[in-house]
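**Student:** Encoded as structure tokens, here's the structure I'll be asking about.
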Amino acid sequence: MRKNLGVQPALFPMPVVIVAAYAADGSICAMNAAWAQICDMDKIALFIDADHKTTKNIMETKAFTVSIADVPNMAPADFFGIATGNKMPDKFERSGCHAVKSEFVNAPIITEFPVAIECELAEEINTPNMHAIVGKIVNVSADEQVIGDKDKILPEKVNALIFDQYRSGYFAVGEKVGQAWNAGKDLMK
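Quick note on numbering: numbering that gives the first Met the number 0 labels position 48 of the sequence shown as 47, and the sequence is numbered without any gaps.
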């Protein structure tokens, strides 16, 4: 039997990503964002408020990175979500994380996280129902330890965090349980 739960953001799992951008003065701002989604083969959408310091920096510099948060770095990833750059100018330094400048865009890559999507600002969408930043993916860089054959990222090696919107919890990505575009092919008969 099903039970009605009312209106809630009940999509699960949600990736935990860290969005980073440079400020005009060259300082780094980073934020935890669970509401992110690939929206084309070379684009990513971030559903983040316009008043975030990181959003303001993206609008100024026209570039950003999106890193996949992982279990070993859960504490700084969570910190990036509970501290605000609008009130804590040294937020990135307090995290204990390090960054290098992307070779492809004017944005920082946080070295502690195993995968970074390097983006140029493609557009800002601002409607009464949504604010989104869309990035054009220029490059993806990853730690060699999470890369397998044919330069494919291995999710089981990334040890990515996912966000549980129901109870505000973090979970780790588990084992591979099937092959896409194959698991249901017997139903095609």
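We put the CB at the ideal spot given by N, CA and C, even for glycine. In this text, all values refer to a predicted model and were calculated from it rather than measured experimentally.
Give a yes or no on contact between the segment 91-98 and the segment 32-47, applying the rule of three or more CB pairs nearer than 8 angstroms.
**Tutor:** No, because fewer than three Cβ pairs between the segment 91-98 and the segment 32-47 fall closer than 8 angstroms, the two stretches do not touch.
**Student:** Can you grab the Cα-Cα spacing for the pair residue 120 / residue 183, in whole Å?
**Tutor:** For residue 120 and residue 183, the distance between alpha carbons rounds to 37 angstroms.
**Student:** With residue 92 as the anchor, note down where its alpha helix (DSSP H) starts and where it stops.
**Tutor:** Unbroken alpha helix (DSSP H) run through residue 92: 90-94.
**Student:** State the CB to CB distance for the pair residue 52 and residue 84, rounded to an integer number of angstroms; the pair is presumed to be in contact (CB under 8 angstroms).
**Tutor:** About 3 angstroms; that satisfies the 8 angstroms criterion.
**Student:** Check whether the Cβ of residue 171 lies closer than 8 angstroms to any heavy atom of the ligand SAH, and answer yes or no.
**Tutor:** Inclusion of the ligand SAH in the displayed structure is not the case, the ligand content being empty and no account of it being possible.
**Student:** Using 8 angstroms as the Cβ pair cut-off and three pairs as the minimum, do the segment 15-29 and the segment 171-178 touch?
**Tutor:** Touching, no.
**Student:** Along the beta strand (DSSP E) that carries residue 64, what are the first and last residues, could you check?
**Tutor:** First-last of the beta strand (DSSP E) with residue 64: 62-67.
**Student:** Given that a residue counts as buried once 16 or more other Cβ atoms are within 10 Å of its Cβ, and exposed if not, what is residue 134?
**Tutor:** The residue in question, residue 134, is buried, as its Cβ has 16 or more Cβ neighbours within 10 Å.
**Student:** For residue 129, write down the residues that DSSP places opposite it in a beta bridge.
**Tutor:** Answer by DSSP bridge pairing, in chain order: 126.
**Student:** Kindly indicate which three-state DSSP category residue 56 falls into: helix, strand or coil?
**Tutor:** Three-state result, residue 56: helix.
**Student:** Comparing alpha-carbon positions, which option in 3, 144, 141, 19 lies nearest residue 76?
**Tutor:** Checking every option, the nearest Cα to that of residue 76 belongs to 19.
**Student:** Report the option in 101, 180, 169, 159 whose CA atom is closest to the CA atom of residue 68.
**Tutor:** Checked all of 101, 180, 169, 159; the closest Cα to residue 68 is 159.
**Student:** Exposed or buried, what is residue 145 when buried is set at 16 or more other beta-carbons lying within 10 Å of its beta-carbon?
**Tutor:** Residue 145 comes out buried.
**Student:** Answer yes or no: do residue 44 and residue 14 have a C-beta to C-beta separation smaller than 9 angstroms?
**Tutor:** Cβ distance not < 9 angstroms, so residue 44 and residue 14 don't count as in contact.
**Student:** Using a 10 Å radius around the Cβ and a threshold of 16 neighbouring Cβ atoms, would you call residue 113 buried or exposed?
**Tutor:** Looking at its Cβ environment, which holds 16 or more other Cβ atoms inside 10 Å, residue 113 is buried.
**Student:** In this structure, how does DSSP classify residue 119 when only helix, strand and coil are distinguished?
**Tutor:** Looking at residue 119 - three-state DSSP - the assignment turns out to be strand.
**Student:** Should residue 64 and residue 22 be called a contact, given that it needs their Cβ atoms to be closer than 9 angstroms?
**Tutor:** No, the Cβ-Cβ distance between residue 64 and residue 22 is not below 9 angstroms.
**Student:** Hey, quick one: how far does the beta strand (DSSP E) through residue 177 stretch, first residue to last?
**Tutor:** Note, residue 177: premise wrong, no beta strand (DSSP E); not H, not E.
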